[in-house]
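Asker: Handing you this structure, nothing more for now.
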Amino acid sequence: MIDGYSDAAVTVTLSDSKLEEIKAQFDRVHYYPDGTFPEELLEKIDIWYTSWLGLPEKVTDVAQVPRTKIVQMSSAGANNFLASKVMSSDEAKKQIKVCSASGIHTLSIPQYVIANIVNLYVKLQVQFHIVRTEARWPSRPEVIKAAGLTEAKQTGNRSLRGKTAGFLGYGHIARETARLLKAFNCEIIAANTKGDKRPEEGYAMSGTGDADGSIPSAYYATSDPASFREFLSKCDILVASLPSTKQTHYMLTADHLAALPEGSVFVNIGRGDLVKSEDILAALDAPGGLEGVALDVTDPEPLTDGHPLFTHPRAIITPHTSGSFEGYFDSGADVLLFQADRLKAGRDPVNVVDPVKGY
Numbered sequence: 001m002i003d004g005y006s007d008a009a010v011t012v013t014l015s016d017s018k019l020e021e022i023k024a025q026f027d028r029v030h031y032y033p034d035g036t037f038p039e040e041l042l043e044k045i046d047i048w049y050t051s052w053l054g055l056p057e058k059v060t061d062v063a064q065v066p067r068t069k070i071v072q073m074s075s076a077g078a079n080n081f082l083a084s085k086v087m088s089s090d091e092a093k094k095q096i097k098v099c100s101a102s103g104i105h106t107l108s109i110p111q112y113v114i115a116n117i118v119n120l121y122v123k124l125q126v127q128f129h130i131v132r133t134e135a136r137w138p139s140r141p142e143v144i145k146a147a148g149l150t151e152a153k154q155t156g157n158r159s160l161r162g163k164t165a166g167f168l169g170y171g172h173i174a175r176e177t178a179r180l181l182k183a184f185n186c187e188i189i190a191a192n193t194k195g196d197k198r199p200e201e202g203y204a205m206s207g208t209g210d211a212d213g214s215i216p217s218a219y220y221a222t223s224d225p226a227s228f229r230e231f232l233s234k235c236d237i238l239v240a241s242l243p244s245t246k247q248t249h250y251m252l253t254a255d256h257l258a259a260l261p262e263g264s265v266f267v268n269i270g271r272g273d274l275v276k277s278e279d280i281l282a283a284l285d286a287p288g289g290l291e292g293v294a295l296d297v298t299d300p301e302p303l304t305d306g307h308p309l310f311t312h313p314r315a316i317i318t319p320h321t322s323g324s325f326e327g328y329f330d331s332g333a334d335v336l337l338f339q340a341d342r343l344k345a346g347r348d349p350v351n352v353v354d355p356v357k358g359y
């Protein structure tokens, strides 16, 4: 058992086997996956494992949870919980470490990214639409025309081989996507704030990612306009996986999209407010602009009914579902178990979210 962490609370649904693993780590585990957590137990809990919403809605003051030291969330983002009433005080920010489940989404989001790059490269979304709505076999020229492209530029399916994939943000998801894209013989480059090579931090699933940051052939700095523009000019494929912060809000502009090579594709699985939807639409329709986009996050989110991105033939829009996968909460519980091992060894938890930065 762990000194100072005798009582754990779990408010998401787990498999019986995973729940038993957690019970083996703590003196008492209070399991209430239906969300009806008893008020009289609040003051007893040292560590929580919760959904993306964080602590139960009834908790509005940190005084209600005087022993709580860690809230381990099942999500990669913690914006909603950090903006909640209970976390608004300086006392709460000092007492409670909010930890994300960053690292578990390497099981699903990289697959989503690569699948949709391939979809865009072979115009599957256009072919599916014609076949399903018209119940007939379309010709290749029809598919190209329906995609709003010219046959002269699209004589066949495009190949990933030799393409440069640029990662805007190089965390767990980007590193695993980069590792997988190398198998397609893609060149990998990355951009972060300082343009420096960094080791992977926090929780990482075995066999995934890029531990020492050695996969990219070059790094670029988003804080340096010239470096950022050079990065964009090389990206046949741009993959964005940035969190939503003051610094990333509308960070990617219309001019930045115009700097991408002709025929490039853009995939955003970070946060929608990185770029305005109007700028994406304009880039899709501009001569020599984007060939396609796959957006699991949008601005605004959700998109308003009837938004033109929904029906653009070279846009794939999904309702922020790329991070969902089978056994999701069990995988998130592995982060909790990882934290337990660290606490036993007298080490600090990982994936601690900075309440100011939001990640």
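Numbered according to UniProt numbering, the sequence shown spans residues 1 to 359.
Don't be surprised by glycine CBs; every beta carbon is placed ideally from N, CA and C.
Every value quoted in this text rests on a predicted model; they were computed, and no experiment measured them.
(1) Check Q127 in the structure and name its three-state DSSP category.
(2) With DSSP run on the structure shown, which of helix, strand or coil describes Y32?
(3) Just the C-alpha distance for V122 and L284, rounded to the nearest angstrom, thanks.
(4) Mind listing, in chain order, the continuous alpha helix (DSSP H) runs of no fewer than 4 residues lying wholly within the stretch 101-170?
(5) For the alpha helix (DSSP H) that D7 lies in, which residues bound it at each end?
(6) Could you tell me the alpha carbon to alpha carbon distance between G162 and K182, rounded to whole angstroms?
(7) How would you label N157, buried or exposed, when you count the other beta carbons within 10 angstroms and need 16 or more for buried?
(8) What separation, rounded to the nearest whole angstrom, lies between the Cα atoms of A218 and G166?
(9) Can you list, in chain order, the stretches of the beta strand (DSSP E) that have 3 or more residues and sit fully within the stretch 195-282?
(10) Of the choices F338, P66, Q25 and G54, whose alpha-carbon is the least far from that of E40?
(11) Give the single residue among D341, L290, Q95 and D210 whose Cα lies nearest to the Cα of D279.
(12) Taking its Cβ as the centre, do 16 or more other Cβ atoms sit within 10 Å of G306, making it buried, or is it exposed?
(13) Just reading off the beta strand (DSSP E) that A294 is part of, what are its end residues?
(14) When you compare each of E57, Q95, T68 and I70 to N80 by their alpha carbons, which one comes out closest?
(15) So, does the stretch 124-142 touch the stretch 253-268, judging by three or more C-beta pairs under 8 Å?
(16) How about the stretch 182-202 and the stretch 68-88: do they share at least three Cβ pairs that are nearer than 8 Å?
(17) Of all the options D348, A345 and S331, which has the alpha carbon lying nearest to the alpha carbon of A76?
(18) In this structure, how does DSSP classify E315 when only helix, strand and coil are distinguished?
(19) Can you tell me where the beta strand (DSSP E) holding E187 begins and where it ends?
(20) Measuring only the C-alpha atoms, how far is L107 from P313?
(21) Tell me the rounded alpha-carbon separation between Q127 and G207.
(22) For the beta strand (DSSP E) holding V98, just list the boundary residues, first then last.
(23) Check whether the Cβ atoms of I130 and T177 lie closer than 8 Å to each other.
(24) Work out the CA separation of L274 and T248 for me, nearest whole Å.
(25) If we call anything under 8 Å between Cβ atoms a contact, is S277 one with L303?
(26) How close, in whole Å, do the beta carbons of V10 and I22 come, if the pair is a contact with beta carbons under 8 Å?
(27) When DSSP labels each residue in this structure, what does Y49 get in the three-state scheme?
(28) Among all the DSSP beta bridges, which residues are the ones paired with M73?
(29) On the three-state DSSP scale, how would you describe V86?
(30) For F310, count neighbouring C-beta atoms within 10 Å of its own C-beta (all shown protein chains included) and say buried if the count is 16 or more, exposed if not.
(31) Sort out for me which residues DSSP pairs V352 with in a bridge.
(32) From which residue to which residue does the alpha helix (DSSP H) around A183 run?
(33) I need the straight-line Cα distance from F338 to S74, nearest angstrom please.
(34) Could you spell out the range, first to last residue, of the alpha helix (DSSP H) harbouring Q339?
(35) Assign A24 to one of two classes, buried (16 or more other C-beta atoms within 10 Å of its C-beta) or exposed (fewer than that).
(36) To the nearest angstrom, how far is it from the Cα of P141 to the Cα of Q125?
Answerer: Quick look at the numbers:
(1) When DSSP states are grouped into helix, strand and coil, Q127 belongs to the helix group.
(2) Note: Y32 maps to coil in three-state DSSP.
(3) Counting only the Cα atoms, L284 lies some 17 Å from V122.
(4) Restricted to the stretch 101-170, the alpha helix (DSSP H) segments that are unbroken, complete and at least 4 residues in length are 109-122, 124-134 and 140-146, listed in chain order.
(5) Residue range D7 to V10 is occupied by the beta strand (DSSP E) that includes D7, with no alpha helix (DSSP H) assigned at that position.
(6) Distance between the alpha carbons of G162 and K182: 10 Å.
(7) Label assigned to N157: exposed.
(8) One Cα belongs to A218, the other to G166, and the distance between them is close to 10 Å.
(9) List check, beta strand (DSSP E) in window: 218-221, 237-240 and 265-268.
(10) When only C-alpha atoms are compared, the closest one is P66.
(11) Residue L290 is the option with its Cα nearest to D279.
(12) With fewer than 16 other Cβ atoms inside 10 Å of its own Cβ, G306 counts as exposed.
(13) A294 -> beta strand (DSSP E) spans G292 to L295.
(14) Closest by alpha carbon: E57.
(15) Segments in contact, no.
(16) Because the criterion of three Cβ pairs below 8 Å is not met, the stretch 182-202 and the stretch 68-88 do not touch.
(17) Comparing Cα-Cα distances from A76 to each of D348, A345 and S331, the minimum goes to S331.
(18) It is worth fixing the name first, because residue 315 is Ala in this sequence and not Glu. Strand.
(19) Counting along the chain, the beta strand (DSSP E) containing E187 begins and ends at E187 to N192.
(20) The alpha-carbon atoms of L107 and P313 are separated by roughly 28 Å.
(21) So the two alpha carbons sit approximately 35 Å from each other.
(22) Membership of V98 in the beta strand (DSSP E) is indicated by the continuous run K97 to C99.
(23) No, they are not a contact pair.
(24) T248 and L274 have their C-alpha atoms spaced approximately 6 Å apart.
(25) Cβ atoms of S277 and L303: closer than 8 Å.
(26) In this structure V10 is in contact with I22, their Cβ atoms being roughly 7 Å apart against a cut-off of 8 Å.
(27) In the structure shown, the three-state DSSP call for Y49 is strand.
(28) When beta bridges are read from the DSSP output, M73 appears opposite T50.
(29) Three-state result, V86: helix.
(30) By the neighbour-count rule (16 or more Cβ atoms within 10 Å), F310 is not buried but exposed.
(31) According to DSSP, V352 bridges with C99.
(32) For A183, no alpha helix (DSSP H) segment is defined, and its DSSP state is neither H nor E.
(33) Approximately 13 Å, taken between the alpha carbons.
(34) Residues Y328 to K344.
(35) Under this definition A24 is an exposed residue.
(36) If I take the Cα positions, the gap works out to 15 Å.
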